[in-house]
Structure formats: structure tokens, C-alpha cells
Amino acid sequence: MFALRTLFVALAAASVLANPLEVRQTTNTNPRIQQIIDVLDQSLHISGPNIVTIIASQTDNDQTITPQINDMVKAFNTSATDLNATPISSGSTATSPTNDELSVIFGDSLYITITSVSGLIQSDVPSLTSILAPLDTAMAASVTAFNRTLPGGLNLVHILMLDAQQFLTRQGLTKTRTALGFT
Ligand SMILES: *[C@@H]1O[C@H](CO)[C@@H](O)[C@H](O)[C@H]1NC(C)=O
Ligand SMILES: *[C@@H]1O[C@H](CO)[C@@H](O)[C@H](O)[C@H]1NC(C)=O
């Protein structure tokens, strides 16, 4: 009797493990994705304008820029962790938040990040390359996590980033470029 119960438990566990696609097909996790990327977007709408203000006041240097980039890295790290912990969404094209609405929010987060760091130059910020490297890693991880949890969600983001990709190239943000599907 005990052995049989153990067998049933083991079989039940195995059938859950063997069927990960069922989650993908039945669960619309778009509302949770929206919560995660809203937090990301709000954070970047603080750090991004801060960087623009620092550049405009000609006080951009390693010391003033590093804390702002760190905040951006933390925000992208958190979003990647939270997205990867969210079940893959079946998505929705009808019920808000729709797939496209999510892609627009996420695209906005990337856009404000990329355009605000595009004004940074090495002659003012000598450690620029090493300051931006962790941002590139964190942003790329977030991009990959977004497309994991909202399959195909990057298609629209890619289009939204067509103009901004030149800044990714200029600032050496190569991991993010690749994660976004630019060759
Ligand atoms: C971001 O995540 C990376 C990789 O997990 C980690 O090495 C880094 O310390 C994190 N940075 C911040 C600012 O949280
Ligand atoms: C995004 O996800 C879709 C669907 O899973 C996949 O076909 C596509 O290759 C992914 N895009 C990137 C840039 O990884």
C-alpha cells in the first residue's frame, strides 16, 4: 500500500514535469508581465532624465554617471529575474494588457535607456566602456527574459528599436543588439 502510494505520487510529479507546454497554452500571464515592466519603465524614467540633466549641466563624469547606470542595471536585473520567474504567457490580442501593449511599454523602457546613454562620451566619462558593460549585460538578459515570457513579444520591440539601434552600436552595447535580433 505504501509502495503504491509512493508510485502514484511519483507518476503525478512526472506528468507535471513532462507537460510544461500546457502552462504555456492555458495561462495568460500578461497582467503579471505588465506589473514587472511598469516597475522597470518607471525606474528608467527617473535614471534616464537624470543622465540627460547631468549631461546638459556639463557635470558628466565617472562619479556622477556611475550611480545612475547602477540604478538602471538594478532595474533591468530585477525585471529579468521577475520575468524568468513568471509562467510563459499564452498572451492576448484582445484583452488588455495585450501583447502589443506590453511590447510598447518594454520598448519604451529600452528606448529611454538607450537614448539617454547615447549622449555620454569617453572624453567626459573616461570609464564609460566599463560603466556601460554591466548595463549591456543586464539589458540583454531582460530582453531575452521578456521574449521568453511573452513569446514573440520582441517582434514589435525590434521594429520600435530600428531608429535607436545606431546608439547601441555607437556605445558598444553589442549584447543588447544581438538579444534584440539585430545582426
Ligand atoms: C546584476 O546582475 C548581475 C548578474 O546576475 C550581477 O553580477 C550584478 O551584480 C547585478 N548588478 C546589480 C547592480 O544589481
Ligand atoms: C523571440 O521568441 C520567438 C518565439 O518564441 C522566437 O521565434 C524568436 O526567435 C525570439 N526572438 C529572439 C530575438 O530571440
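Position in the sequence shown (first residue = 1) + 227 = our numbering.
We treat Cβ as the ideally placed atom computed from N, Cα and C, and that holds for glycine.
Only a predicted model underlies this, so the values are computations on that prediction, with no experimental measurement involved.
Does residue i come out as helix, strand or coil in the three-state DSSP assignment?
i: I332; result: helix
i: N374; result: helix
i: M299; result: helix
i: S317; result: coil
i: L310; result: helix
i: P276; result: helix
i: V250; result: At V250, the pLDDT of 47 sits below 50, so the modelled position is not reliable and the matter cannot be decided from this model.
i: D287; result: coil
i: D390; result: coil
i: N255; result: coil
i: L407; result: coil
i: T322; result: coil
i: Q398; result: coil
Nearest by alpha-carbon distance to residue i: which of the options is it?
i: N257; options: R404, R375 and T401; result: R375
i: P324; options: I264, M388 and A312; result: I264
i: I339; options: Q349, P353, F373 and L395; result: L395
i: I315; options: T410, G399, L377 and D298; result: L377
i: I296; options: R404, L383, T364 and L381; result: T364
i: Q261; options: I282, I281, S354 and G334; result: G334
i: N304; options: A372, T410 and A391; result: A372
i: L494; options: G346, R259, I341 and V352; result: Lying before the first or after the last residue shown, residue 494 is absent from the chain, which here runs from 228 to 410.
Express the C-alpha separation of residue j and residue i in angstroms, rounding to a whole number.
i: Q269; j: A368; result: 19 Å
i: N348; j: N326; result: Per the sequence shown, residue 348 should be read as Ile rather than Asn. Using only the alpha carbons, I get a separation of about 36 Å.
i: L362; j: S319; result: 30 Å
i: T356; j: D287; result: 14 Å
i: R397; j: M366; result: 16 Å
i: V300; j: S343; result: 14 Å
i: L407; j: Q285; result: 32 Å
i: A321; j: D298; result: 34 Å
i: V331; j: A312; result: 21 Å
i: H272; j: T253; result: 33 Å
i: S354; j: N255; result: 43 Å
i: L329; j: D309; result: 15 Å
i: D289; j: V279; result: 15 Å
Return no unless some Cβ of chain C is closer than 8 Å to the Cβ of residue i.
i: V384; result: The structure shown contains no chain C; it is built from a single protein chain.
Whole runs of the beta strand (DSSP E) within the stretch 334–359, excluding any shorter than 3 residues: Runs of the beta strand (DSSP E) lying entirely within the stretch 334–359 and spanning at least 3 residues: none are present.
Contact shell at 6 Å, judged by CB to any heavy atom of ligand 2, ordered along the chain: With 6 Å as the limit, the residues whose C-beta approaches any heavy atom of ligand 2 more closely are N374, P378, G379, L381 and G408, in sequence along the chain.
Chain-ordered residues, beta carbon under 7 Å from a heavy atom of ligand 1: N297, V300, K301, N304, P361, T364 and A365
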